[in-house]
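S.K.:
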Amino acid sequence: GTADKESLRKQISDHIESIPPLKTVSFSVMQIFDELFSNAVFDAPTDKNKKRKFNHLARNTKVKYEKGKQAEFYLAYDKERLLIGCRDPYGSLEEAPFFKRLQVCYATENINDINFGEGGAGIGCRMMFDRSVSLYIGVKADICTVTCAVLPLGISERRSQEIPKNFHFVCK
Numbered sequence: 446g447t448a449d450k451e452s453l454r455k456q457i458s459d460h461i462e463s464i465p466p467l468k469t470v471s472f473s474v475m476q477i478f479d480e481l482f483s484n485a486v487f488d489a490p491t492d493k494n495k496k497r498k499f500n501h502l503a504r505n506t507k508v509k510y511e512k513g514k515q516a517e518f519y520l521a522y523d524k525e526r527l528l529i530g531c532r533d534p535y536g537s538l539e540e541a542p543f544f545k546r547l548q549v550c551y552a553t554e555n556i557n558d559i560n561f562g563e564g565g566a567g568i569g570c571r572m573m574f575d576r577s578v579s580l581y582i583g584v585k586a587d588i589c590t591v592t593c594a595v596l597p598l599g600i601s602e603r604r605s606q607e608i609p610k611n612f613h614f615v616c617k
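Under this note's numbering, the first residue of the sequence shown carries the number 446, and numbering increases by one thereafter.
1) Can you check whether the CB of Ser-458 is closer than 8 Å to the CB of Ser-471?
2) For Ser-537 versus Thr-592, is the C-beta distance shorter than 8 Å?
3) Jot down the residue ranges of each uninterrupted beta strand (DSSP E) in the segment 497-562, minimum 3 residues, whole runs only, in chain order.
4) How about Arg-666 and Glu-517: are their beta carbons less than 8 Å apart?
5) Pick helix, strand or coil for Pro-597, following the three-state DSSP scheme.
6) If you draw a straight line from the C-alpha of Asp-479 to the C-alpha of Ala-485, how long is it?
7) Within this structure, are the beta carbons of Tyr-519 and Gly-530 separated by less than 8 Å?
8) So for Ile-582, helix, strand or coil by DSSP?
9) Of the choices Arg-526, Pro-490, Leu-481, Lys-507, whose alpha-carbon is the least far from that of Gly-513?
10) Tell me where the alpha helix (DSSP H) around Phe-487 begins and ends.
11) I believe Phe-612 touches Phe-574 by the beta-carbon criterion, under 8 Å. Please report the beta-carbon distance rounded to the nearest angstrom.
12) Starting from the Cα of Glu-525, find the closest Cα among Lys-610, Ile-600, Cys-616 and give me that residue.
13) Whole angstroms is fine: what's the gap from Leu-502's alpha carbon to Phe-487's?
14) Measuring straight from C-alpha to C-alpha, what distance separates Asn-505 and Thr-447?
15) Within 10 angstroms of the Cβ of Ser-452, are there 16 or more other Cβ atoms? Answer buried if so, exposed if not.
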């Protein structure tokens, strides 16, 4: 739950800062971590009727997963890229509403025109996609959702923005 966020955030940040080639992507990784954490803790949990439990709450509200459920975070890298990811134990991301929100987010020039209501606005996903070269989302309905972003290492942020991007969404 939310009680673990700062500890996990510090572990990731300290690890990245301890490895010189990773420092260049530290800001982006931490932004992506914050989005993954919010998605896993506030957006993913659903009740037995598939109604979202926490996504209407302020993001500083203390919430806990139900007993026996937890999110898992991943961080892996080699000489060319870094992957940060999260697996939530709910599998509640729905394909059609997700792509509709994302489409509106990219089509809307004025942020004030975006609907920030229940279900999210798509801005977090756009940020993750904009900051990465590949974004992977896999959903096994009612079981889990895995989201991973891949960032290039050893090149400038400007150069990384010129690399063609990949978006993969698998829903089962």
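From the three backbone atoms N, C-alpha and C, an ideal C-beta is built for every residue, glycine too.
M.R.: Taking the coordinates as given:
1) In the sequence shown, the residue the question calls residue 471 occupies position 26. In the sequence shown, the residue the question calls residue 458 occupies position 13. The answer is yes: Cβ separation under 8 Å.
2) Along the sequence shown, one-based indexing puts residue 537 at 92. Along the sequence shown, one-based indexing puts residue 592 at 147. Contact flag unset, no.
3) The segment 497-562 contains these whole beta strand (DSSP E) runs: 517-522, 526-533.
4) The structure shown has nothing for residue 666, since the chain only spans 446 to 617.
5) Position 152 of the sequence shown, counted from the start, is the residue given in the question as residue 597. It is a strand residue.
6) The residue labelled residue 479 in the question sits at position 34 within the sequence shown. The residue labelled residue 485 in the question sits at position 40 within the sequence shown. Cα to Cα, Asp-479 sits roughly 10 Å from Ala-485.
7) In the sequence shown, the residue the question calls residue 519 occupies position 74. In the sequence shown, the residue the question calls residue 530 occupies position 85. Yes, the Cβ-Cβ distance between Tyr-519 and Gly-530 is below 8 Å.
8) By one-based count along the sequence shown, residue 582 stands at place 137. Residue state, collapsed to three classes: strand.
9) If you number the sequence shown from 1, residue 513 lands on position 68. When only C-alpha atoms are compared, the closest one is Pro-490.
10) Within the sequence shown, the letter at position 42 stands for residue 487. Segment: none, Phe-487 is in no alpha helix (DSSP H) and carries neither H nor E.
11) The count along the sequence shown starts at 1 and reaches residue 612 at position 167. The count along the sequence shown starts at 1 and reaches residue 574 at position 129. Confirmed, Cβ separation roughly 6 Å.
12) Taking the sequence shown and counting its residues from 1, one reaches residue 525 at position 80. Here the closest residue by C-alpha is Ile-600.
13) The residue labelled residue 502 in the question sits at position 57 within the sequence shown. The residue labelled residue 487 in the question sits at position 42 within the sequence shown. Approximately 8 Å between the Cα atoms of the pair.
14) Taking the first residue of the sequence shown as 1, we reach residue 505 at position 60. Taking the first residue of the sequence shown as 1, we reach residue 447 at position 2. About 8 Å.
15) Here residue 452 refers to the residue found at position 7 when the sequence shown is read from its first residue. Residue burial annotation: Ser-452 is exposed, with fewer than 16 other C-beta atoms found within 10 angstroms of its C-beta.
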